[in-house]
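Visitor: Structure provided below as structure tokens; questions to follow.
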Amino acid sequence: MLRGAWFSSPMGALVRKEFLETWRDKRALWTAVSFSLIFPVMLFAFTTYMVKQSTEEPTRMAFLGGDRVPLLAERLSDDQFQVEVLSEGKPRELLESGYDLVLELSEDFVEDYVSLRSAKVYLYLDSADIASGRAQGRLQERLGKLQQLVVSQRLSARGVAQQLLSPWNLQVRDVSTPSSRGAIILAAVPGLLILTLFVASLATSVDTSAGERERLSLETLLLQPLPGWQLVAAKVLAVASMGWMGALLALAALVSLMPMMPLAELGIQQAATVGSALGMGLLLLPLALLVAVVQILLALRSNSFKDAQTQLSILQIAPAMLLVVLDVSGVQLESGVWQLVPLVAQQQWLKALLVGDPIFLPLVLAGSLVSLLMAVFAVALGARALRRERLLNTG
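Pasting the structure below:
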């Protein structure tokens, strides 16, 4: 009864009108849906690629003339670098038959090597093949170590200390683990979810503000006996619903694809579940309202529809860059004050839920309340802006 009375009230009719116009806009709906599905698919592809890189098949190399220097072929070969010594063959045909590289010794290689001259070695590869490019780097690394060994032996045979030519010995030791490398992937998910929220609501926010002003339908709404805050609030709810839907769709796609991602091979034991995804969706709702009202206010301040699109396009990039800078700079965000800052708070909460860490509920409620209060304040600013006559100037 009460619900029917509310829908028949002026505010209820206005909200219904804004929602119908928002969800009937196929262009805005298609933009929101397509972008929401892009990043989970890209994350799935990137994760699969990383695992494939770490567990890729060994490199195959044909060694023409390797029977003359069997020690070189033995030193180059290991589990990840298979060397097959061949007495003859054409490099192009060998590459086409499945070899990643072809190494060929010059006819006078042995004589030049014994005479301490620079012996010629020819490397054949297909630069259009990604696997061939990686194999080249592996081979050059191995040949570089062997070359350094031969130089050291020749210097020692002539009574020259090797240390004279090597003032230091740099040894690189990577202490990263598969888990730490895999965590980099999941660290990008909160920022991408927030960016999805911005992008999904962009087209709708521009159309419902600057677009209606240019079509003169906003003037008709302003002539109705409705408070300005109701008009702004109705538009904010409609725009926020589109942005929130985009974020929820991205979360659903992420949860659906995660069981198929090889996260265990990267050492990641915990990932988003249905329960944590629902929690992340609820945490994004206050931010969706705040983003919607900010986008509408900026669009109303613009001079034209195209100007509004330009301004909001910059706006949607700025928060993502801010979150990236905070991650890269290593700023410590353990203080509870950060939990009250919109965008930063949501990023920290999403990170915690994504990896299964607990979140402090009172701070979550306080941070969400701050976002809601900022949205309410922005709605009041919007209602005040609607009373200005120059708002309807589309010049």
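Residue numbers for the sequence shown, in the working numbering: 11 to 405. Yeah, the Cβ is synthetic: ideal placement off N, Cα and C, and Gly gets one too.
Which term fits G366, buried or exposed, when burial requires 16 or more other beta carbons within 10 angstroms of its beta carbon?
Guide: To locate residue 366, count along the sequence shown from 1; it is residue 356. Classification of G366: exposed, given that the 10 Å Cβ count is below 16.
Visitor: Specify the secondary structure class of L382 as computed by DSSP and reduced to three states.
Guide: Counting from one through the sequence shown, the residue named residue 382 turns up at place 372. Reduced to three states, the DSSP call for L382 is helix.
Visitor: Between L261 and A287, how many whole angstroms is the CB-CB distance? I'm expecting something under 8 Å.
Guide: Your numbering for residue 261 matches position 251 in the sequence shown. Your numbering for residue 287 matches position 277 in the sequence shown. Contact holds; Cβ gap of about 5 Å.
Visitor: Between the Cα of L47 and those of L375, A198 and A210, spot the shortest distance and give me the residue it belongs to.
Guide: Against the sequence shown, residue 47 aligns to sequence position 37. It is A210.
Visitor: What's the C-alpha gap between R152 and L165?
Guide: Here the question's residue 152 lines up with position 142 in the sequence shown. Here the question's residue 165 lines up with position 155 in the sequence shown. Distance between the alpha carbons of R152 and L165 is about 20 Å.
Visitor: Cβ atoms of G377 and Q349: under 9 Å apart, would you say?
Guide: Taking the sequence shown and counting its residues from 1, the one referred to as residue 349 is at position 339. Taking the sequence shown and counting its residues from 1, the one referred to as residue 377 is at position 367. In this structure, G377 lies closer than 9 Å to Q349 by Cβ.
Visitor: Considering only C-alpha positions, which residue in the set L74, A390 and K316 is nearest to P237?
Guide: What you label residue 237 is simply residue 227 of the sequence shown in a count that begins at 1. Closest by alpha carbon: A390.
Visitor: If we require 4 or more residues per run, which alpha helix (DSSP H) segments fall completely within the region 224-288?
Guide: For the region 224-288, whole alpha helix (DSSP H) runs of length 4 or above, ordered along the chain, are 227-232 and 238-267.
Visitor: Skipping 5 residues on each side, what residues in its chain have a beta carbon closer than 6 Å to that of R26?
Guide: Counting from one through the sequence shown, the residue named residue 26 turns up at place 16. Hits under 6 Å: none found.
Visitor: Could you check the C-alpha separation between Q317 and F91 for me, to the nearest Å?
Guide: Taking the first residue of the sequence shown as 1, we reach residue 317 at position 307. Taking the first residue of the sequence shown as 1, we reach residue 91 at position 81. Strictly speaking, residue 317 in this sequence is Asp, with Gln absent from that position. Their Cα atoms are separated by approximately 57 Å.
Visitor: Is it buried or exposed for E28, if we count other Cβ within 10 angstroms and need 16 for buried?
Guide: Walking along the sequence shown from the start, residue 28 turns up at place 18. That one is buried.
Visitor: Terminal residues of the continuous beta strand (DSSP E) containing R85?
Guide: In the sequence shown, counting from the first residue as 1, residue 85 sits at position 75. R85 -> not in any beta strand (DSSP E); alpha helix (DSSP H) instead, spanning P80 to L86.
Visitor: Report buried or exposed for W359, applying the criterion of at least 16 other Cβ atoms within 10 angstroms of its Cβ.
Guide: Here residue 359 is taken as the residue at index 349 of the sequence shown, counted from 1. Classification of W359: buried, given that the 10 Å Cβ count is 16 or more.
Visitor: Can you name the residues that DSSP bridges to Q356?
Guide: Against the sequence shown, residue 356 aligns to sequence position 346. Answer by DSSP bridge pairing: none, since Q356 is not bridged.
Visitor: For L409, which of M270, S215 and M71 has the nearest alpha-carbon?
Guide: Absent from the model: residue 409. The displayed extent of the chain is 11 to 405, so no value can be given.
Visitor: What is the DSSP secondary structure of Y134, counted as helix, strand or coil?
Guide: Here residue 134 refers to the residue found at position 124 of the sequence shown. Three-state DSSP puts Y134 in a strand.
Visitor: Return the residue from the list P352, I369, A393 and R398 that minimises the CA-CA distance to L379.
Guide: Residue mapping note: residue 379 aligns to position 369 of the sequence shown, counting from 1. When each option's Cα is compared against that of L379, the closest is P352.
Visitor: How many Å lie between D88 and P68 at the Cα?
Guide: What you label residue 88 is simply residue 78 of the sequence shown in a count that begins at 1. What you label residue 68 is simply residue 58 of the sequence shown in a count that begins at 1. Roughly 9 Å separates the two Cα atoms.
Visitor: For F49, count neighbouring C-beta atoms within 10 Å of its own C-beta (all shown protein chains included) and say buried if the count is 16 or more, exposed if not.
Guide: As a first step, residue 49 is located in the sequence shown; it is residue number 39 there, counting from the start. Buried: at least 16 other Cβ atoms inside 10 Å.
Visitor: What did DSSP end up calling R37 once you bin it into helix, strand or coil?
Guide: Here residue 37 corresponds to residue number 27 of the sequence shown, with the count starting at 1. Note: R37 maps to helix in three-state DSSP.
Visitor: Can you tell me whether DSSP reads Q349 as helix, strand or coil?
Guide: Position 339 of the sequence shown, counting from 1, holds the residue named residue 349. Reduced to three states, the DSSP call for Q349 is helix.
Visitor: Work out the CA separation of A38 and L113 for me, nearest whole Å.
Guide: On the sequence shown, residue 113 is found 103 positions in, with the first residue counted as 1. On the sequence shown, residue 38 is found 28 positions in, with the first residue counted as 1. C-alpha separation (whole angstroms): 56 Å.
Visitor: Hey, A330 and G201: beta-carbon distance below 9 Å or not?
Guide: As a working note, residue 330 is residue 320 in the sequence shown. As a working note, residue 201 is residue 191 in the sequence shown. Yes, they are a contact pair.
Visitor: Go through its chain and collect everything with a Cβ distance to A362's Cβ below 8 Å, but skip five positions before and after it.
Guide: Start at 1 with the first residue of the sequence shown, and residue 362 comes out as number 352. Contacts found: P368 and I369.
Visitor: Beta-carbon separation of P21 and A244 under 9 Å?
Guide: Position 11 of the sequence shown, counted from the start, is the residue given in the question as residue 21. Position 234 of the sequence shown, counted from the start, is the residue given in the question as residue 244. In the sequence on display, residue 21 carries Met and not Pro. Yes, these two residues count as a Cβ contact at 9 Å.
Visitor: Using only the alpha-carbon positions, how far apart do R397 and V43 sit?
Guide: Your numbering for residue 397 matches position 387 in the sequence shown. Your numbering for residue 43 matches position 33 in the sequence shown. Going by the C-alpha atoms only, they are around 35 Å apart.
Visitor: Considering Cα atoms alone, identify which of E94, Y134 and D118 is closest to M103.
Guide: In the sequence shown, the residue the question calls residue 103 occupies position 93. Per the sequence shown, the amino acid found at residue 103 is Glu instead of Met. Of E94, Y134 and D118, the residue nearest in Cα terms is Y134.
Visitor: Output the distance between the C-alpha atoms of V78 and E94, rounded to the nearest integer angstrom.
Guide: Locating residue 78 in the sequence shown gives position 68, where the first residue counts as 1. Locating residue 94 in the sequence shown gives position 84, where the first residue counts as 1. As written in the sequence, residue 78 is Arg, which differs from the Val given in the question. Taking the straight line from one Cα to the other gives about 13 Å.
Visitor: Would DSSP call A393 helix, strand or coil?
Guide: The sequence position of residue 393 within the sequence shown is 383, counting from 1. Three-state result, A393: helix.
Visitor: With 16 as the cutoff for other CB atoms within 10 Å, does M11 come out buried or exposed?
Guide: Position 1 of the sequence shown, counting from 1, holds the residue named residue 11. Low local confidence applies: a pLDDT of 47 at M11 is under 50, so the model's placement there is unreliable, with the coordinate-based value given in what follows. Classification for M11: exposed.
Visitor: Helix, strand or coil for F73 per DSSP?
Guide: In the sequence shown, the residue the question calls residue 73 occupies position 63. Residue state, collapsed to three classes: strand.
Visitor: Below 8 Å CB to CB, which residues in the same chain sit around S19 once its five sequence neighbours on both sides are set aside?
Guide: Numbered from its first residue, the sequence shown carries residue 19 at position 9. Same-chain partners within the cutoff: there are none.
Visitor: Buried or exposed, going by whether 16 or more other CB atoms sit within 10 Å of the CB of G143?
Guide: The residue given as residue 143 occupies position 133 in the sequence shown. Exposed, since its Cβ has fewer than 16 Cβ neighbours within 10 Å.
Visitor: Within its chain, find whatever has a CB closer than 6 Å to the CB of A263; leave out the 5 residues flanking it on each side and keep chain order.
Guide: Counting from one through the sequence shown, the residue named residue 263 turns up at place 253. Once the five neighbours on either side are set aside, the close Cβ partners of A263 are L47 and P50.
Visitor: Helix, strand or coil for F370? Go by DSSP, reduced to three states.
Guide: Along the sequence shown, read from residue 1 onward, the residue named residue 370 stands at position 360. Three-state DSSP puts F370 in coil, outside helix and strand.
Visitor: At a cut-off of 8 Å, would you count F119 as near the ligand NAD, judging by its Cβ distance to the nearest heavy atom?
Guide: In terms of ligand content, the structure shown is empty, and the ligand NAD therefore cannot be addressed.
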